Amino acid sequence: MVEVEGRVGDQTAARASWVRLLLALTVLHALNDFYGLLLPPLLPALREALNLSYTQLGVIPFVGTAVSSLLQPTLGYLADRRRTRRASLIAGFGGYIVAMVWLSGANSYALVLVGAAILGVASSTYHPQSATYIVHGFPSNRGFAMGIHGLGNTAGFLAAPIVITMLLPTIGLSQTLLVLALPAAIAIVLCAIAIKEPAERGAHGMFAGITGPVVLLTIVHGVGGAAALGFLTWLPSYYGYLEYSLPQAGLLTAVMVASGAIAQPLGGVISDRLSRRSVLIAALVGVALFQGAFVFTTWLPAMIVLSIAAGFAGAFLGPVVLAYAGELARGGRTGTSVGFVWGIGISVASLAPLVSGAMIDAYGFGVSYLALAALAVFAAALGLRLPRS
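With the first letter of the sequence shown counted as 1, position 216 gets the number 586 in my numbering; the numbers rise by one all the way through.
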């Protein structure tokens with residue numbers, strides 16, 4: 371009896387430890403993804419300060435996202451293989467501080483692009499490591515854990531446009547960027563206190579973990595993510611085009627992002643009970659329908675409802691894709707699989723602001739947004755070829 375009680379006590383303590391870790395990772399996710407949506411609310415201010423076209427503006431987030439996505443598979447593999455996941459997290463948040471200081475002094479387009487690249491290096495470390503912790507800690511309800519973890523994404527994405535639109539009119543662009551280094555400093559302290567290196571070591575051979583289903587999931591994630599990212603990136607600028615002020619545009623964008631607070635855990639739970647594939651396809655169809663409908667109205671209440679619906683559908687993608695990628699991993703290469711699916715997928719998605727910005731210059735917002743909706747339809751069709759589990 372004593373032995374049984376001891377085992378139960380050990381299991382309870384282990385479960386409590388993983389729950390505390392999930393809470394810490396959720397907070398870190400919020401701080402990390404705060405920087406993920408930092409550039410779009412700054413684009414109108416950068417356009418005015420540097421007299422840039424929409425095509426030039428589109429290059430800025432593309433550079434950061436492309437650098438991040440190309441580094442993620444390699445850094446995920448190395449962190450798994452060498453058991454340096456915690457150190458990788460700390461280094462990434464340190465990179466955000468460097469990026470903010472650099473951008474605060476950037477007075478030319480070229481320097482802004484360098485700052486965006488530094489931001490990309492910093493953001494390449496988080497998702498492969500956090501997914502590894504969650505996949506090993508929550509084997510039977512990964513979708514739910516990814517959904518809770520995804521609340522950090524919603525909080526970070528929600529905070530970024532609000533904080534930036536509050537600071538910019540008050541202290542200006544340069545000082546705003548310096549202040550934005552503070553969340554990364556907080557994250558470094560939290561990593562040092564709450565995160566421990568897990569015992570698992572990834573198997574040798576990075577490319578052995580990149581299977582056919584992993585590649586297909588990467589393509590679906592990239593194309594579908596392009597549809598959602600392109601829409602979100604230009605949403606503040608679109609509201610500005612409709613003559614809403616910068617604070618109004620930021621708040622209206624934040625309203626869309628806020629829908630993820632419900633959508634991310636809900637999507638994770640549903641995907642635990644249904645197939646990941648079914649939920650992923652349904653989410654992509656929703657993105658296409660709601661973003662496509664958004665183009666055909668300028669009545670603000672309808673725009674708000676449709677943007678919220680599009681954000682809700684798009685927010686399903688994150689937890690489902692991360693859980694799916696972790697389950698497709700081979701030989702303990704969770705960081706490799708997640709890094710490839712998330713990183714290369716985001717690399718594909720990062721083309722959306724660049725291409726859609728050029729389309730806005732040439733044809734206007736309406737044509738660009740309809741093209742993005744069509745991408746979501748294409749991604750849903752590709753998703754039909756994914757394995758059911």
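Using N, Cα and C, we set each Cβ at its ideal position, and we do this for glycine too.
Just so we're clear, the structure is a prediction, and the values are computed from it rather than from any experiment.
Item: Between the CA atoms of Gly428 and Thr668 - distance to the nearest angstrom; Value: 24 Å
Item: Distance between Gly464 and Pro553 (C-alpha atoms, nearest Å); Value: 10 Å
Item: Range of the contiguous alpha helix (DSSP H) that encloses Phe664; Value: 646-664
Item: Short Cβ contact (8 Å threshold) for Ile768 with Leu676; Value: As shown, the chain starts at 371 and ends at 759. That puts residue 768 outside it, with no answer to give.
Item: Segment contact, 8 Å Cβ cut-off, at least three pairs: the stretch 433-448 with the stretch 713-721; Value: yes
Item: Residue span of the alpha helix (DSSP H) that contains Phe748, given as start and end; Value: 735-753
Item: Integer-rounded CB distance, given that Ala746 should sit under 8 Å from Gln634; Value: Rounded, the Cβ-Cβ distance is 18 Å, inconsistent with contact.
Item: Ser387 in three-state terms, based on DSSP; Value: helix
Item: Helix, strand or coil at Phe527 according to DSSP, with G and I counted as helix; Value: helix
Item: Whole-angstrom distance between Pro443 and Ala551, CA atom to CA atom; Value: 26 Å
Item: Supposed close pair Phe735, Trp604 - CB separation, criterion 8 Å; Value: 7 Å
Item: Nearest to Cys561 (by Cα), restricted to the options Ala492, Ile488, Ala461; Value: Ala461
Item: Three-way DSSP call (helix, strand, coil) for Ala476 in this model; Value: coil
Item: Pro539 burial status per 10 Å Cβ neighbour count (16 or more: buried); Value: exposed
Item: Cα-Cα separation between Gly376 and Met516, rounded to whole angstroms; Value: Bear in mind that a pLDDT of 49 at Gly376, under 50, signals an unreliable position, so the number given afterwards is only what the model happens to contain. Answer to the nearest angstrom: the Cα atoms are 30 Å apart.
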